[in-house]
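Sequential numbering of the sequence shown, starting at 0, is according to numbering that gives the first Met the number 0.
From the three backbone atoms N, C-alpha and C, an ideal C-beta is built for every residue, glycine too.
Just so you know, these numbers come straight off a predicted model, no measurement behind them.
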Amino acid sequence: MRVRKAVFPAAGLGTRFLPATKAQPKEMLPLVDKPIIQYGVEEALAAGCDQIIIVTGRGKQAIEDHFDHSYELEKMLEERKKTDLLAIVRQISDMIHVAYVRQKEALGLGHAVLTARELVGDEPFAVLLADDVIDAPVPCLKQMMEVFRETQCSVIATQVVEGAAISSYGVIAAKPVDGKFSGRLYEITDLVEKPRQQDAPSKNAIIGRYILTPRIFEALESTALGSGGELQLTDAMRQLLKREKIYGFLFEGKRHDTGDKLGFLKATVEFALKRPDLGKDLREWLKSLPL
């Protein structure tokens with residue numbers, strides 16, 4: 000089976016970034032000069048997905064506009080001979096086929112994934128949370144595709160999280176798969192959503208990248224509402240685990256939590272420092288600050 004479709008849950012209200020997100024989606028906040036969600040879309044494309052499904056809600060029109068043609072802007076850039084900017088703008092609208100589905104109620108990540116069922120159909124698919132921007136030489140989802148090709152089972156990205164912060168994540172209990180993927184592959188035996196630190200089965204937290212088989216939809220339908228009165232994807236995967244294997248993959252790369260203010264600021268600085276047009280001057284300016 001090949002993974003062709005990638006689902007982006009993007010119906011959240013982004014309350015942690017108010018007032019900036021009062022009138023614009025949090026997914027459209029820029030890291031340097033590119034919206035957060037575009038990093039995830041480019042990662043999905045690099046991994047071989049050719050169909051993008053974005054789960055939206057009220058006030059998310061800007062996402063649709065971003066990935067659509069902007070005829071007035073393109074015409075203006077063409078008339079002014081700004082060919083470099085024109086190429087950038089057209090690349091965004093030409094890069095992908097996008098479908099949108101509306102999540103009418105804020106009932107959690109699991110509900111957002113279930114909302115995409117008709118567009119996904121009966122095939123494996125990826126889920127990417129735009130807040131998790133992962134900087135890696137080989138895109139995180141592409142690494143996971145290699146695991147899926149070999150196992151033909153659901154794969155979850157994981158990361159070691161130390162201390163009390165583990166309580167903010169879904170957490171896996173798992174056993175290493177010897178000799179596979181440089182010791183980074185684990186067969187999952189259980190999953191827990193946001194456990195207390197003392198109850199966490201491991202330090203391996205679930206990060207916002209998933210490859211799921213279509214049987215997850217049956218599991219979601221039969222899963223009761225969980226933490227926060229929401230339909231939790233972690234709870235549904237726990238049901239799925241009773242029917243088929245699920246693997247955890249400790250990806251290579253650096254994850255930036257751009258859904259957190261400090262994480263967003265750190266990501267902005269790190270991405271800017273890597274830019275040939277900005278890095279040198281920004282580095283010199285940072286050195287001049289009275290830190």
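Item, Value
"R237 classed as buried or exposed, judged by whether at least 16 other C-beta atoms fall within 10 angstroms", "buried"
"Contiguous beta strand (DSSP E) assignments of at least 3 residues, all confined to the stretch 43-67", "50-55"
"Top-ranked residue by Cα proximity to A98, from R183, E149, D64", "D64"
"Unbroken alpha helix (DSSP H) run spanning D234, endpoints", "232-239"
"Among L12, I95, D67, the one whose alpha carbon lies nearest that of A45", "I95"
"Option nearest R89 by Cα separation, candidates F147, L72, L30, V2", "L72"
"Reduced DSSP secondary structure (H/G/I, E/B, other) of V100", "strand"
"Alpha-carbon spacing of V100 relative to D280, whole angstroms", "42 Å"
"Inside the stretch 84-162 only - alpha helix (DSSP H) runs reaching at least 4 residues", "108-114, 116-119, 139-150"
"Opening and closing residue of the beta strand (DSSP E) in which V291 lies", "Summary: the structure shown does not reach residue 291, with the chain confined to residues 0 through 290, and so no result is reported for it."
"Whether L230 touches H68 by CB criterion (7 Å)", "no"
"Per DSSP, the bridge partner or partners of R208", "L127"
"Counterpart residues of K174 in DSSP-defined beta bridges", "E186"
"Candidates R195, V170, D198, of which the one nearest T188 by Cα", "V170"
"Q196 and A163 closer than 7 Å at C-beta", "yes"
"Start and end residues, beta strand (DSSP E) containing Y246", "245-249"
"Anticipated Cβ contact below 8 Å, V54 with F7, distance rounded", "7 Å"
"Cross-strand partners of R254 (DSSP beta bridge)", "I133"
"Where the alpha helix (DSSP H) containing A266 begins and where it ends", "260-272"
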